[in-house]
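> The structure's right below; bear with me while I get my questions together.
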Amino acid sequence: MSNLLPERWSEALERVNDKIGHFLTKVAPWKKQEQSPERITTDTLPAFMKLGGPLLDMHETPEELIVRAEVPGLNKDDFSVELVGRRLTIHGEKKIVREQKGGDGCLISERRYGSFSRSISLPYDIDEKTIKADLKQGVLTVRLPKPEKEQHTRYRVPVS
Numbered sequence: 001m002s003n004l005l006p007e008r009w010s011e012a013l014e015r016v017n018d019k020i021g022h023f024l025t026k027v028a029p030w031k032k033q034e035q036s037p038e039r040i041t042t043d044t045l046p047a048f049m050k051l052g053g054p055l056l057d058m059h060e061t062p063e064e065l066i067v068r069a070e071v072p073g074l075n076k077d078d079f080s081v082e083l084v085g086r087r088l089t090i091h092g093e094k095k096i097v098r099e100q101k102g103g104d105g106c107l108i109s110e111r112r113y114g115s116f117s118r119s120i121s122l123p124y125d126i127d128e129k130t131i132k133a134d135l136k137q138g139v140l141t142v143r144l145p146k147p148e149k150e151q152h153t154r155y156r157v158p159v160s
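Note that the sequence shown ends on residue 160 in the UniProt record's numbering; no numbers are left out.
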């Protein structure tokens, strides 16, 4: 099929295919036959650290904004959440160390070091005293109640 496409298109598609293949070997390196399972953690950082921070979702309800961030493998002491103006920022660091031991049954112990910072702009000002955050099963949930003036209540306007 490559002979049906102009030369530069087939070259471009080949480069894209190479990049996808490279990406897949980083995400799932054990699928590559020449790599053993023990190389998985030595060659890869958690994906969210490589991509510049955790993946975020932001939802809006009538009462609040809810921001969820995937932070697998981190505990609450590994990151911080800050609000400056209308910008919510999550900073974090994970320390991972690799050791090969011969004693007490442990053959390999692996850890890595990596840090990230991820910011998201909020659509309006938030009262910082009302923010709540919790961490459950690798997902950080930050609840940002809307200020009273931003909460929309239904008011029927009388017409004369």
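Just so it is clear, CB atoms sit at the ideal spot from N, CA and C, and this is done for glycine as well. All of these numbers come straight from a predicted model, not from anything done at the bench.
1) To the nearest angstrom, how far is the alpha carbon of Arg154 from that of Ser121?
2) Excluding the five sequence neighbours on either side, which residues of its own chain have a C-beta within less than 6 Å of the C-beta of Pro123, listed in chain order?
3) Going by CA-CA distance only, name the one from Lys146, Ser119 and Ala69 that's closest to Val139.
4) According to the neighbour-count rule (16 or more other Cβ atoms, all chains shown, within 10 Å of its Cβ), is Leu74 buried or exposed?
5) Give me the Cα-Cα distance between Arg143 and Gly105, rounded to the nearest whole angstrom.
6) DSSP three-state label for Asp134, please.
7) Quick one: what's got a C-beta closer than 6 Å to Asp134's C-beta in the same chain, skipping five residues either side?
8) Go ahead and label Arg118 buried or exposed: buried means 16 or more other beta carbons lie within 10 angstroms of its beta carbon, across all protein chains shown.
9) Below 8 Å on the Cβ atoms is my contact criterion, and I expect Ile90 with Pro54 to pass it. Report the Cβ-Cβ distance as a whole number of Å.
Put simply:
1) Counted from its first residue, the sequence shown places residue 154 at position 154. Counted from its first residue, the sequence shown places residue 121 at position 121. Taking the straight line joining both Cα atoms gives about 27 Å.
2) Mapped onto the sequence shown, residue 123 falls at position 123. No residues qualify anywhere along the chain.
3) Position 139 of the sequence shown, counting from 1, holds the residue named residue 139. The option with the nearest alpha carbon to Val139 is Ala69.
4) What you label residue 74 is simply residue 74 of the sequence shown in a count that begins at 1. Buried, because 16 or more other Cβ atoms sit within 10 Å of the Cβ of Leu74.
5) The residue you call residue 143 lines up with position 143 of the sequence shown. The residue you call residue 105 lines up with position 105 of the sequence shown. The straight-line gap from Cα to Cα measures roughly 44 Å.
6) For the purposes of this step, residue 134 is identified with residue 134 of the sequence shown, where counting begins at 1. It is a strand residue.
7) Mapped onto the sequence shown, residue 134 falls at position 134. Excluding positions up to five away in sequence, the list reads Thr141.
8) Position 118 of the sequence shown holds residue 118. Burial call: buried.
9) In the sequence shown, residue 90 corresponds to position 90, counting from 1. In the sequence shown, residue 54 corresponds to position 54, counting from 1. So it is a contact: roughly 7 Å between Cβ atoms.
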